[in-house]
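Remarks on the structure that follows.
Numbering (the working numbering), first residue to last: 802 to 920.
Okay, here's the thing in structure tokens:
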């Protein structure tokens, strides 16, 4: 994992710390998911290919972040991979998809500038 993805992991961790509860495990899930998809750019590409280009573009831009639902996260990543992550990290599929729906827009927003991920 490169420097940028390490910084992405740190930013995600800070955002998740604000949520309390299952934070440590959600952070581990996020890191694992980013690694599985070739970095944060790869994960975003997956969302764009699933039809959420407008949402991803809003997260990268300077304006308001469009939301994504836990159902959309589940549909994009897939029920199987989410279930595997749930078993691996001791969380429910709902906790994972809900947590990702909450932190992903904000994390990408903090890790981007002028419509692009910060290198």
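Beta carbons are placed, not taken as given, at the ideal position from N, Cα and C, and that holds for glycine.
Top-ranked residue by Cα proximity to residue i, from the options
i	options	result
residue 770	878, 864, 842	Lying before the first or after the last residue shown, residue 770 is absent from the chain, which here runs from 802 to 920.
residue 833	889, 902, 871, 873	889
residue 868	876, 884, 903	903
residue 850	873, 828, 865	873
residue 871	880, 909, 859, 826	880
residue 931	891, 918, 848	What is shown of the chain runs 802 to 920, which leaves residue 931 out entirely.
Local Cβ density within 10 Å of residue i, reported as buried at 16 or more and exposed below that
i	result
residue 900	buried
residue 905	buried
residue 802	With a pLDDT of 48 at residue 802, under the threshold of 50, the predicted position of this residue should be treated as unreliable, though the coordinate-derived value follows. The residue is exposed, with fewer than 16 neighbouring Cβ atoms inside 10 Å.
residue 893	exposed
residue 883	buried
residue 852	exposed
Test item: CB-CB of residue i and residue j under 7 Å
i	j	result
residue 886	residue 830	yes
residue 861	residue 916	yes
residue 910	residue 838	no
For residue j and residue i, believed in contact at Cβ under 8 Å, the rounded distance
i	j	result
residue 845	residue 857	5 Å
Practice problem: Let me know the alpha helix (DSSP H) ranges lying completely inside the segment 846-880, each 4 residues or longer, listed in chain order. | Solution: 854-861, 871-878
Self-check item: Unbroken stretches of the alpha helix (DSSP H), 4 residues or longer, contained in the segment 875-914
Solution: 880-890, 894-911
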